[in-house]
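Here is the structure we will look at, set down as structure tokens.
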Amino acid sequence: MSLSDKKVLVVDDQYGIRILLTEVFSREGMNIFQAANGKLALELIRKENPDLILLDMKMPGMDGLELLRQLKKEQMDVIVIMMTAYGELDMVEEATKLGARAHFTKPFDIMELRTEVIRQLTQTE
Ligand SMILES: [Mg+2]
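In our numbering, the protein residues as written are 298 to 422.
The following block contains the structure:
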């Protein structure tokens, strides 16, 4: 499988972040989906079965941790990379326990995130 067969879901309540990440990963040829909150993300995950999720932790309604708990409950196997704000270490710890593979603190270096996403997607082959 090449990167162009991969599905990546961007979950963030900030429009600007969704647009930025969509642009960067579309350029790699990946199929990008977007959700502004956990509830919409869950619907998309069930429908599209993405390979990787870039997950914001703080969102109104269902947040990142709640979404991770739900994914675990439904035994959905997907790579999750968290995006947090500075100082959210408790959340990072909890999310790691729930199976998140990596985390980036905002504002992150987009090229570092890109490298990590590609690494995670190609590692699992
Ligand atoms: Mg947020």
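Glycine residues also receive a C-beta, built at the ideal position from the N, C-alpha and C atoms.
List the endpoints of the continuous alpha helix (DSSP H) containing residue i.
i	result
Asp353	Not the alpha helix (DSSP H): Asp353 falls in the beta strand (DSSP E), residues 349 to 353.
Gln367	361 to 370
Gly326	Note, Gly326: premise wrong, no alpha helix (DSSP H); not H, not E.
Out of curiosity, what's the CA-to-CA distance linking residue i and residue j?
i	j	result
Val389	Tyr383	11 Å
Asp360	Tyr312	16 Å
Ile350	Lys394	16 Å
Phe330	Gln420	21 Å
Leu362	Asp374	16 Å
Leu386	Ile378	15 Å
Asp310	Ile407	18 Å
From the DSSP output, in three-state form, read off residue i for me.
i	result
Phe405	coil
Met356	coil
Gln331	strand
Ala399	strand
Between which two residues does the beta strand (DSSP E) holding residue i run?
i	result
Leu306	304 to 308
Val377	376 to 381
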